[in-house]
Amino acid sequence: MHTVLFSNHTGYGAWRGPVVPGADVHEVVLGMEERGALAEVDLVLSGYQGSPEIAAVILDAVDRVKAANPAAAYACDPVMGNADSGCFVDPAIPPLIREQVVPRADVITPNQFELGELTGTPLPATADLATVLEAADAARSLGPATVLVTSVLHA
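Counting with this note's numbering, you get residues 3 to 157 for the letters of the sequence shown.
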């Protein structure tokens with residue numbers, strides 16, 4: 003389900019469109035639950051969080067899905083920014099992702115910048131494989147069983 007309706011990715015600069023209020027997203031989840039659809043969900047995937055309030059809605063949805071289907075997994079793309087442009091989300095969002103959302107995820111898919119934000123240790127542009135693997139281990143210690151680093155700049 004959509005949590006934002008943007009014209010383009012916020013990392014590209016200006017964009018247009020609304021953030022879907024968390025209460026509206028919650029209503030969609032409740033509607034799905036009322037129809038028994040959550041038992042059919044095998045994976046909850048979250049990505050860009052347009053407002054700080056959406057973290058609680060996502061975690062509630064994960065709880066509801068896992069209650070309906072205990073075998074379901076939660077994969078979080080902790081969208082916060084990238085190595086080129088830095089952070090491009092509301093400054094209140096990275097701590098929520100790091101402290102509340104990632105610990106509940108089974109899988110996370112950070113890029114190089116996001117991995118540094120999650121672990122509190124920014125990765126240099128020249129990070130070698132050993133440094134990236136150490137950071138992935140540090141991110142795994144936050145809770146997720148699997149850390150898939152989606153991109154790393156290298157010289």
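Where a beta carbon is used, it is the ideal one built from N, C-alpha and C, also for glycine. Just so we're clear, the structure is a prediction, and the values are computed from it rather than from any experiment.
Query raised in the report: Helix, strand or coil: which one does DSSP assign to V6?
Result: For this step, residue 6 is matched to residue 4 along the sequence shown. Strand, per DSSP.
Report task. Within the same chain, show all residues whose beta-carbon is closer than 6 Å to that of P96, passing over the 5 residues directly before and after it, in chain order. Result -> Locating residue 96 in the sequence shown gives position 94, counting from the first residue. M82 and E119.
Query raised in the report: Can you list the alpha helix (DSSP H) stretches of 4 or more residues lying completely in the segment 65 to 102, in chain order?
Result: Those alpha helix (DSSP H) runs which fall completely within the segment 65 to 102 and span 4+ residues are 95 to 98.
Query raised in the report: When burial is assigned at 16 or more other CB atoms within 10 Å of the CB, is P80 buried or exposed?
Result: The residue labelled residue 80 in the question sits at position 78 within the sequence shown. Counting Cβ neighbours within 10 Å, P80 comes out buried, since at least 16 surround it.
Query raised in the report: If you drop the 5 nearest sequence neighbours on each side, which residues of the same chain put their C-beta closer than 7 Å to that of N84?
Result: Here residue 84 refers to the residue found at position 82 when the sequence shown is read from its first residue. Only G13, N113 and F115 meet the Cβ criterion.
Report task. Given a cut-off of 9 Å, decide if V109 and A70 are closer than it, judged by their beta-carbon atoms. Result -> The sequence position of residue 70 within the sequence shown is 68, counting from 1. The sequence position of residue 109 within the sequence shown is 107, counting from 1. Contact: no.
Query - Identity of the residue in E29, V67, W17 and G24 nearest T5 by Cα - result: Looking up residue 5 in the sequence shown gives position 3. For T5, the nearest C-alpha among the options comes from G24.
Query raised in the report: Which whole runs of the alpha helix (DSSP H) in the segment 16 to 62 are 4 residues long or more, in chain order?
Result: 24 to 36
Report task. Please report the Cβ distance between I98 and V151, rounded to the nearest whole angstrom; I am assuming they are in contact, meaning their Cβ atoms lie under 8 Å. Result -> Translated into positions along the sequence shown, residue 98 becomes position 96. Translated into positions along the sequence shown, residue 151 becomes position 149. Correcting the residue identity first, residue 98 is Leu in this sequence and not Ile. With a Cβ gap of about 21 Å, L98 and V151 do not count as contacting.
**Report entry** Separation of A138 from K68, as counted between CA atoms
**Finding:** Mapped onto the sequence shown, residue 68 falls at position 66. Mapped onto the sequence shown, residue 138 falls at position 136. Rounded to the nearest angstrom, the two C-alpha atoms are 25 Å apart.
Query raised in the report: Using a Cβ-Cβ cut-off of 8 Å (strictly less than) and excluding sequence neighbours within five positions of V30, which residues of its own chain qualify?
Result: Mapped onto the sequence shown, residue 30 falls at position 28. Residues of the same chain with a CB within less than 8 Å of the CB of V30, apart from the 5 flanking positions on each side, are M3 in chain order.
**Report entry** Option in T123, D130 and V104 with minimal Cα separation from L47
**Finding:** Reading the sequence shown from its first residue, position 45 is the one you call residue 47. Among T123, D130 and V104, the Cα nearest to that of L47 belongs to V104.
Query raised in the report: Assuming A141 contacts T121 under a Cβ cut-off of 8 Å, what Cβ separation, rounded to an integer in Å, is found between them?
Result: The count along the sequence shown starts at 1 and reaches residue 141 at position 139. The count along the sequence shown starts at 1 and reaches residue 121 at position 119. Right, their Cβ atoms sit about 6 Å apart.
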